[in-house]
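A.B. asks: Residue numbers (our numbering): 1 to 370.
From the three backbone atoms N, C-alpha and C, an ideal C-beta is built for every residue, glycine too.
Got a structure for you, written out below as structure tokens; questions coming shortly.
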Ligand code: NAD
């Protein structure tokens with residue numbers, strides 16, 4: 001198939017490279033010229049294990065290229081993925097859809113009859129319909145189909161997650177459209193991976209509900225960790241003991257300074273907004289967000305107590321990304337902690353095997369890098 005991917009970030013680039021690996025011809029567009037230049041030179045501008053090798057392999061087969069030219073990217077494409085960012089609005093925690101809406105306006109005029117637009121970005125309930133309206137108003141054919149196909153990959157194991165998914169969710173109004181989108185993933189269908197066909201709204205909600213569940217699970221073990229410390233036992237023993245129960249599972253039971261990253265904080269807040277839009281409340285998720293926000297203070301208080309104050313103290317920070325195997329520092333608790341320690345007069349020496357450059361852009365020389 002002829003496929004276009006709008007946005008060459010973690011999700012867009014992994015999608016582009018992996019569907020090329022499935023045998024499709026892919027054009028990937030980004031508005032960031034520097035990024036497109038790097039990609040055309042065969043360099044992935046962020047750290048993601050295995051991605052650069054797979055990209056080079058498929059580029060050598062002539063299966064894809066990168067462009068900043070919207071007409072070149074979209075013309076003739078049967079499937080157009082939208083995989084741009086949907087950041088959190090800092091004032092109220094709601095979802096900022098400006099990049100998705102602008103991508104929809106950009107592609108509309110160049111869509112071929114019968115083309116299918118696929119939302120890969122994490123977007124609130126009702127966005128597929130909203131995107132369709134924007135497309136038609138901006139000149140797309142009336143019968144353009146918009147499908148929701150949320151992405152569940154994790155940074156650090158993104159290629160593997162895309163190639164070996166727990167499930168692929170396709171939300172479409174027409175069964176026939178869902179089937180066309182499913183054929184993109186033919187090797188996964190053949191290998192027996194689970195496909196779930198739903199309405200666009202259900203697909204959109206599945207993504208937020210999944211991330212909110214993970215955030216609640218992480219928050220649960222983080223609160224248990226506070227209790228366990230008072231009891232005086234090892235939280236890792238307790239986490240392992242809980243996780244061995246197959247009904248619960250061991251994943252997302254690692255205690256830490258609160259969840260961070262580009263997804264869980266924004267998606268939990270996004271879901272709370274979605275609930276409000278539907279005159280509803282999710283008190284469990286509200287509590288998880290509040291508990292998570294309080295965890296850094298707990299950690300700082302402990303360090304302060306252990307060191308007898310922070311002023312003039314030398315603190316080593318091991319790890320700056322929001323988790324291992326990524327250079328992504330978006331909403332990283334480590335960055336927040338570094339800032340807090342510095343504000344209280346401490347000297348921070350930091351190390352991360354992959355995220356030093358991203359951290360330098362954020363913290364400049366306020367910390368020493370080892
Ligand atoms: P990202 O910030 O890494 O990449 C977004 C890219 O889109 C950037 O390169 C940006 O330049 C480009 N862009 C913005 N507006 C554009 C436009 N109009 N046209 C073309 N390109 C444009 O974001 P990401 O982490 O890949 O996330 C993308 C979406 O996927 C978000 O909705 C996110 O919630 C979701 N998601 C992310 C992850 C993850 O682990 N990062 C996992 C699952 C889902």
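Looking only at its own chain, which residues have a Cβ that is under 8 Å from the Cβ of residue 330, when we skip the five neighbours before and after it?
C.D. replies: Taking the chain shown and counting its residues from 1, one reaches residue 330 at position 330. Only 260, 261, 262, 322 meet the Cβ criterion.
A.B. asks: In the DSSP assignment, the alpha helix (DSSP H) including residue 188 goes from what residue to what residue?
C.D. replies: Within the chain shown, the letter at position 188 stands for residue 188. Where residue 188 is concerned, the enclosing alpha helix (DSSP H) stretches over 186 to 190.
A.B. asks: According to the neighbour-count rule (16 or more other Cβ atoms, all chains shown, within 10 Å of its Cβ), is residue 63 buried or exposed?
C.D. replies: Taking the chain shown and counting its residues from 1, the one referred to as residue 63 is at position 63. The residue is buried, with at least 16 neighbouring Cβ atoms inside 10 Å.
A.B. asks: Could you tell me if the beta carbon of residue 121 falls within a distance shorter than 6 Å of some heavy atom in ligand 1?
C.D. replies: In the chain shown, residue 121 corresponds to position 121, counting from 1. Indeed, a heavy atom of ligand 1 lies less than 6 Å from the Cβ.
A.B. asks: Rounding to the nearest angstrom, what Cα-Cα distance links residue 200 and residue 243 in this structure?
C.D. replies: Stepping through the chain shown from its first residue, residue 200 is reached at position 200. Stepping through the chain shown from its first residue, residue 243 is reached at position 243. Their Cα atoms are separated by approximately 33 Å.
A.B. asks: Return the residue from the list 275, 185, 168, 327 that minimises the CA-CA distance to residue 157.
C.D. replies: On the chain shown, residue 157 is found 157 positions in, with the first residue counted as 1. The option with the nearest alpha carbon to residue 157 is 327.
A.B. asks: Do residue 4 and residue 35 have their CB atoms nearer than 7 Å?
C.D. replies: Walking along the chain shown from the start, residue 4 turns up at place 4. Walking along the chain shown from the start, residue 35 turns up at place 35. No, they are not a contact pair.
A.B. asks: In terms of DSSP beta bridges, what is residue 25 paired with?
C.D. replies: Here residue 25 corresponds to residue number 25 of the chain shown, with the count starting at 1. BP columns for residue 25 point to 2.
A.B. asks: Looking only at DSSP bridge pairs, what is residue 81 linked to?
C.D. replies: Along the chain shown, read from residue 1 onward, the residue named residue 81 stands at position 81. According to DSSP, which records beta bridges pairwise, residue 81 is partnered with 5, 118.
A.B. asks: With respect to 6 Å, is the separation between the Cβ of residue 32 and the closest non-hydrogen atom of ligand 2 below this value?
C.D. replies: For the structure depicted, ligand 2 is absent and the ligand set comprises only ligand 1.
A.B. asks: Helix, strand or coil: how does DSSP classify residue 316 here?
C.D. replies: Residue mapping note: residue 316 aligns to position 316 of the chain shown, counting from 1. DSSP places residue 316 in strand when its eight states are reduced to three.
A.B. asks: Using the Cα positions of residue 145 and residue 132, report the straight-line distance between them to the nearest angstrom.
C.D. replies: As a working note, residue 145 is residue 145 in the chain shown. As a working note, residue 132 is residue 132 in the chain shown. Distance between the alpha carbons of residue 145 and residue 132 is about 7 Å.
A.B. asks: Can you look up residue 296 in the DSSP assignment and give me helix, strand or coil?
C.D. replies: Within the chain shown, numbered from 1, the residue matching residue 296 stands at position 296. Helix.
A.B. asks: Looking only at C-alpha atoms, which of 325, 22, 10 sits nearest to residue 2?
C.D. replies: In the chain shown, the residue the question calls residue 2 occupies position 2. Taking only the C-alpha atoms, the option nearest residue 2 is 22.
A.B. asks: Any idea which residues DSSP pairs residue 368 with across the strands?
C.D. replies: Here residue 368 refers to the residue found at position 368 of the chain shown. Per DSSP, 349.
A.B. asks: Would the beta-carbon of residue 128 fall within 7 Å of that of residue 148?
C.D. replies: The sequence position of residue 128 within the chain shown is 128, counting from 1. The sequence position of residue 148 within the chain shown is 148, counting from 1. For residue 128 and residue 148, yes; Cβs fall inside 7 Å.
A.B. asks: Rounded to whole angstroms, what is the Cα-Cα separation between residue 32 and residue 68?
C.D. replies: Working through the chain shown from its first residue, we reach residue 32 at position 32. Working through the chain shown from its first residue, we reach residue 68 at position 68. Residue 32 and residue 68 have their C-alpha atoms roughly 8 Å apart.
A.B. asks: Quick check on the burial criterion: 16 or more other C-beta atoms within 10 angstroms. Buried or exposed for residue 18?
C.D. replies: In the chain shown, residue 18 corresponds to position 18, counting from 1. Buried: at least 16 other Cβ atoms inside 10 Å.
A.B. asks: My parser needs the alpha helix (DSSP H) runs of 4 or more residues fully inside the stretch 145 to 223; what are they?
C.D. replies: 158 to 163, 175 to 184, 186 to 190
A.B. asks: Count the other CB atoms within 10 Å of the CB of residue 415; is the residue buried (16 or more) or exposed (fewer)?
C.D. replies: Residue 415 falls outside the range modelled here, since the chain spans only 1 to 370, and no answer is possible.
A.B. asks: Nearest to residue 140 by CA position, among 164, 125, 112, is which residue?
C.D. replies: As a first step, residue 140 is located in the chain shown; it is residue number 140 there, counting from the start. Nearest C-alpha to residue 140: 112.
A.B. asks: Between which two residues does the alpha helix (DSSP H) harbouring residue 127 extend?
C.D. replies: One-based indexing of the chain shown puts residue 127 at position 127. That run of the alpha helix (DSSP H) goes 127 to 137.
A.B. asks: Would you grab the beta carbon distance between residue 292 and residue 255 for me? Rounded to a whole angstrom, and I think it's under 8 Å.
C.D. replies: On the chain shown, residue 292 is found 292 positions in, with the first residue counted as 1. On the chain shown, residue 255 is found 255 positions in, with the first residue counted as 1. Contact doesn't hold; Cβ gap of about 12 Å is too wide.
A.B. asks: Assign residue 121 to buried or exposed, taking buried as 16 or more other Cβ atoms, counted over all protein chains shown, within 10 Å of its Cβ.
C.D. replies: Within the chain shown, numbered from 1, the residue matching residue 121 stands at position 121. With 16 or more other Cβ atoms within 10 Å, it is buried.
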